Structures are given as C-alpha cells and as structure tokens.
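Read in order, the letters of the sequence shown are residues 11 to 633 in this note's numbering. Virtual Cβ for every residue (Gly too), placed ideally from N, Cα, C. Given the structure is predicted, the values throughout are model-derived calculations rather than measurements.
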Amino acid sequence: MFGLMGKILRVDLMEGKILEEDIPEEMAKKFLGGRGLATKYLFDEVTPDIDPFDPGNRLIFMSGLLTGTASPSAGRYSVVTKSPLTKIWCQSNSGGRWGVDLKHSGFDGIIFKGISNHPVYLIIDNGKAELRDATHLWGKNVSEVTHIIKKDLSEKFNVASIGEAGENLVKYAAIMNDLHRAAGRCGVGAVMGSKKLKAIAVRGTKKIPIAEPENFQEISKKQFELLNESILAAGLTAYGTNLVLEMVNVCGGLPTRNWQTGVCPFTDDINGEALSEKVLVKETGCFACPIECGRVSEIRNGPNTGKKGEGPEYETVGTFGSMCDIQDLEAITMAGYLCNDYGLDTISCGSTIAFAMECFEKGILKKEATGGIEIAFGDSDTMIALVHRIAKREGAGDLLAEGTRIMARRLGHDSERFAMNVKGLELPAYDSRAAKITGLAFATANRGGDHITAYVQGPTFLASPFLVVEESEIEDPLQENPKEAKVVKEMEDALTVFDAAGCCKFMGMTLDAREWSAIIAALTGWKFGVEEFRKTGERIYNLERAFNVREGQDRADDTLPKRLLEEPLPEGPAAGHVNNLEIFLDPYYEFRNWDKTTGKPTPEKLIELGLDEVISQIYGDEA
C-alpha cells in the first residue's frame, strides 16, 4: 500500500496490551486516513450505550494520508472519539510535527480502549511500542511533562499530552502537541484523562512509500509555488490568523459581550497589527508550511511581563477579547498561554467565561455561587483567575468546566437562549446574523458549533476565493438564499477530505479539487479524480452523521441558540438581522439526500456511497 504505512496500534489500557493491526486497503481507499479512517473505526466499535468516559469508548489518533509527505502543510493528525461535551461524534485536528513523527514511526494511527488502573504514557520508537508508568507526570502541565519525557528519552521524541484540565475531566480539555499545538475541540483531552493516559511520545525515521515519486514531487512543487504567490499567504504570514478580526468587525459580525452585539469598539487594541506591535517575536509554522501563520510571542507589559509562548490566534482573541469585553491584549495572550499549558480549548473556555459574565450581569449567577468573585465583563484579572479555576475545577471553575450547555441547564432562568453553543459545542467568533449562510454551517456541523467543518466565512465575511469548491458564490451575506445551502454541503465534503488527508485547510483557499485529486493519485497509485475527491468527503460526512443519528440526533438538533434566531443585532452593518435557519434546512437536506423530517441520510444515499451496512443501524426495523 502506498501513502499509508499500513498499520495501526491497538492499545488496551486495562490489560496493558499492545497489538499491531494491518489496515485493509479497501477501507483506506474509501476513507483515506485521518478523520475518515478514524471515524470508520469509531462507528464500528462504539455503540450508543457507551458513555464518553466508559472504558468502551475509543480514543483514536490517526495521521492523514498525505501527512509527513512533501505536500505543503501536510502535517496534521485527527483525534476521534465520542465527546464528553456533546455526547456525539467528535473530531479534533492538530498541526505541528507530532502527526508526522507518528507516521514516520511506522504507524498511521493508534486506537486506545479501556481505562488504566494507574497513570501511564505510551512510547513509540521506530515501530516499537511500550506503556510506561506516568505517576510521576500526573498533576503536571504540558510544558513540564514535555520537558521531563524528552529529558528521560531524547530530545528527538515528540510529545502529545494532557495537562491538569484533562486529568480533571474538564469537558473541553485539549490534547497538546509540540507544546503549543492543540487538538482542541470537543473535550478529547478529557477522554484521554479518563483513561489515565497522560502522554504519547513518538520518534520515527521510516519513509512513506510513494507510488509515483517524480510525479508527486512535481505536483508538490507546483503547490508550493501557487501558495507562495497567494495574497492569503502574504496576509497570514504578516498578521497570523488574527488578520481576520478587523474584517469580521467591519461586517458587524464580531461577537462582543457574549454576542450581545457584533461590533467591538476597541479592535485597534487587539487586532493583527496590534499583536505584531505588542507581543510578536517571530512567525512560526507547522511541518512543511509555506505560510507560517503561527505567532511566537512574549508579554512585555503588565503583571505577566516576560512570559513567552505562542499565540494568540484569532479565535483566542475573539473569545477572550471581544466576547469577554477585554481590550488588554497582554491579558488575552496570557489566557492563551494558560490554556496551552493546562490543555484547554480556548474557544470553549473563553466563550464559557463570557457566558458566565452575562449570567452574573443578569443576576442569574450569584456572587455566593462564585466563591465571592465578581465575574464582570471587562475584568481581565478575573478572566485569568477563572482559567486557573476551570482547569483545576476549583470554586466557580467546577461549574464552568462543564461548558455552556450544562451551565445553562443548571442555572435556568432562560439562560439557554444566550448559551452560545450548537449541540453543546461553543461557537467560534463569527456572528452568523451578519453572514447568514454561516448559521447553516454552524447548525449542520457534525461535531456541533464549528467554523472549519465548512469554512463559509471565507466567501462571506472575508471575501476569499475557495477554489476547492466550484461555484461557491455567496451573493449577499445578509440574505438567506436557499440555493446557497449547496455551498455549505460542498464545503463540508471538501474540507472533510482535507482532514482525512492530513492537510491544513488554508490550502483549500488557493488550490482546487483537481490539484488535490492529482497529488492523492500520485501518492497512492489509486484512480482518484475530482469525482472520487467529492464522493470520499461525502461518504465520510454521511458516516459521521449516521453515528450521531444512532446517538439519537435528528433535525431538531440542527439549530442555533435563540439569541441568533430571535434577537436582532443592535448596531453595525447587520443591525436588525437575525438568522432564519428554516429557509436553509430543507434545501440543504435535499442537496444531501437526507430525509427532511428526521435529518437521516436516506438508504438510497447510503447505498450510493457504499455505506450499505449503516442502513440497519440507523433505521432498525424500518430498513
């Protein structure tokens, strides 16, 4: 088999056993790798009766088909499991070099099951794997764990680990690799913590087999040339992902004060230019990245002067900044550093703190319930204190560690209407009332409130081309146009392929489906054209949807917080606008060939995609 190493590791943490298993080539052809292959294993092995923290839940790490090759920015891996935050299918994706080192160690992925009776960590060294005691690492955060493991083994090992947040089962705990890269969303770090698995250290020098080496190198070279010439690369290199903050604010869609408005008055203090002036040390990037959108930074003013790390990225600035009404960039940067070291998703963490601020402002969250803390908008000291408390589940942090959906259910008083999540996953920093098609993307994302399942913010907020999907034109971001539901469907399918291939999604802004199909074909030797590219994404997306249907999800779950549906934006270019999601949903289901009443993929669609075995699992006796 070309492209893949052809093997996975199965680790039974309860028994302490490790087995190697071959990946069937036919399965690889259908699901590629990364998110796709991991989802197939999860669907086959995790049933609805299994709780996310049960021993039977799987925690699956899977590198992508192109990961570790000469293709630009092909350094990513996926973590797939049943989420403790949403209780449905979830995938979290990370860059850096860890996924590359995993693949070069001789394995495409690792499947963990069971719960160890004491803390352990896994070592994979060029095809040899062993579990070791991690009692001495328990209670330590990411930077210290990484330092200790590298000192014990070698600097050549790359480490993915959880911090205290994962150990304490914070529902949005992350898995961190390369110190600053995060498999951040959906609480994958909490699942890792529940299994008493502290870290995975990998080292490898094995070569990835390539079917057509010369052709593959030629296509890769062309991809690099196209990316180096793009305006996108220039902008991201100069300002990082925070480049977009000003653009989103100008459209009136930058969530501010927990989405009470879409216009932030102090973006000059926290935008990409301000970040460059105040905290930037240098640019950095993931494996084989021609863009380098990462920011190596240092705090130069205030109580945290001298602290160093990476970030903040746009979502960190949006959630800890405008959502919390914090204009102190140094405080926002420090919050990001803390999340990286504790192992916390910055989107869910910042959004949950913003929600707590509004609940406190409205008198729903009482001072006696917060341990005497006033959780007020604009208070950067309290924001930072809450990050510590969330990771440790101390005081008010114990409630905030559950995420906004559970918080709202416990607090009551109609707070669910402004608990800004979809399916339990906190929304990113784009207000869909200012870009209507984004609301459909949020609502239909298989893992919940998510901005990169279908990055339609590009053709709406940012006016960026998405050549990977033809005819992805949005005529008017402030109008619900039913035919544009197809754009979301096509973007979901295309970007799913990127996660299966192990590629950065920024590549999709400059390269089209023909180029991606050609490089996959050259790598694998398979017949893989544009049609296969699209069908593969659609197949994986439908399998994820089927997993959620099997968990009890239906059309009613494809919705948005009431704030977005019922409360018009009060100011800015989108003033007076709300989301009218129902205009989009029927056309979207029609484009997908899903049942309009239930939201289930139809048997005909599943058969077309080669997912015949799924039908009985989601239709039961109806099949």
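Near residue i, what residues of its chain come up, given a Cβ to Cβ distance below 8 Å and the 5 sequence neighbours on each side ignored?
i: S115; result: I134, D135, N136, G137, V212, R213, G214 and K216
i: I625; result: P613, L616, I617 and A633
i: S286; result: A248 and Y249
i: L371; result: Checking the sequence shown, residue 371 turns out to be Glu, not Leu. These residues qualify, in order along the chain: A386 and F387.
i: E485; result: N491 and E494
i: T392; result: I383, E384, I385 and A386
Please return the same chain residues whose Cβ sits closer than 7 Å to the Cβ of residue i, not counting the five positions on each side in sequence.
i: K50; result: M37, F41 and L553
i: M344; result: I309, N314, K317 and I394
i: A284; result: D278 and L339
i: K499; result: Y598, F601 and R602
i: N281; result: N252, L255 and E256
i: N589; result: S442, R443, K446, G449, L570, L574 and L575
i: A243; result: L237, P300 and I301
i: C524; result: Checking the sequence, you will find Arg at residue 524 rather than Cys. Closer than 7 Å at Cβ, skipping near neighbours: V540.
i: D111; result: N168, V212, R213 and G214
i: W148; result: P129, E177 and K208
i: V327; result: N252, L255, I280 and I342
i: A193; result: V89, S102, N103, S104, A184 and I185
i: K515; result: I462, Y465, L505 and F508
i: R427; result: P571, K572 and R573
In the DSSP output, which residue or residues are listed as bridge partners for residue i?
i: D135; result: K138 and R213
i: S73; result: Y87
i: G122; result: Note that residue 122 is Phe in the sequence shown here, rather than Gly. BP columns for F122 point to V21 and L69.
i: L290; result: S307
i: P322; result: DSSP, once it has assigned bridges, lists no residue as partnering P322.
i: W5; result: Because the chain spans 11 through 633 in this model, residue 5 falls outside it and cannot be assessed.
i: Q101; result: V90
i: M2; result: Outside the displayed span of the chain (11 to 633) sits residue 2, for which this structure offers no information.
i: P611; result: W604
i: S171; result: M186 and A209
i: I28; result: V21
i: V432; result: L435
i: D596; result: Partner(s): none; D596 has no beta bridge.
i: D143; result: V130
i: T414; result: Beta-bridge pairing links T414 to no other residue.
Taking only the alpha-carbon atoms, compute the straight-line gap between residue i and residue j and give it to the nearest angstrom.
i: L339; j: G434; result: 28 Å
i: A175; j: K208; result: 11 Å
i: D162; j: V155; result: 11 Å
i: G562; j: V90; result: 19 Å
i: E30; j: L591; result: 47 Å
i: Q337; j: G547; result: 40 Å
i: E325; j: F557; result: 28 Å
i: R107; j: G373; result: 46 Å
i: R195; j: D503; result: 20 Å
i: V56; j: R68; result: 7 Å
i: F365; j: V397; result: 14 Å
i: P475; j: T520; result: Summary for P475: the model assigns pLDDT 47, below 50, so the residue's position carries little reliability, and this model does not support an answer.
i: E228; j: L619; result: 32 Å
i: D351; j: L179; result: 15 Å
i: E165; j: V152; result: 15 Å
i: G245; j: T294; result: 14 Å
i: D622; j: D631; result: 15 Å
i: V273; j: G262; result: 5 Å
i: Y347; j: T607; result: 45 Å
i: L290; j: K376; result: 39 Å
i: I28; j: E224; result: 37 Å
Looking at residue i: is its Cβ nearer than 7 Å to the Cβ of residue j?
i: G44; j: S88; result: yes
i: F594; j: L421; result: no
i: S126; j: L19; result: no
i: I172; j: G319; result: no
i: T266; j: S307; result: no
i: G413; j: K181; result: yes
i: C100; j: R457; result: yes
i: L95; j: G197; result: yes
i: F297; j: G85; result: yes
i: I33; j: I70; result: no
Could you name the residues of the same chain whose beta carbon sits closer than 6 Å to that of residue i, not counting the 5 residues immediately before and after it, in chain order?
i: V559; result: K610 and I628
i: A585; result: L579
i: K292; result: V306
i: L477; result: Note on L477: pLDDT 45, under 50, position unreliable in the model; the coordinate value appears next. Only D522 meet the Cβ criterion.
i: R549; result: L619
For the ligand COA, is there a heavy atom less than 6 Å away from the beta-carbon of residue i?
i: G124; result: Of ligands this structure carries none, so the ligand COA is not represented either.
ask   = Should the stretch 514-534 be called in touch with the stretch 61-76, which here means at least 3 C-beta pairs below 8 Å?
value = yes
Between the stretch 249-258 and the stretch 299-306, are three or more C-beta pairs nearer than 8 Å? yes
**Prompt:** Can at least three beta-carbon pairs, one atom from the stretch 459-467 and one from the stretch 221-239, be found at a separation below 8 Å?
**Reply:** no
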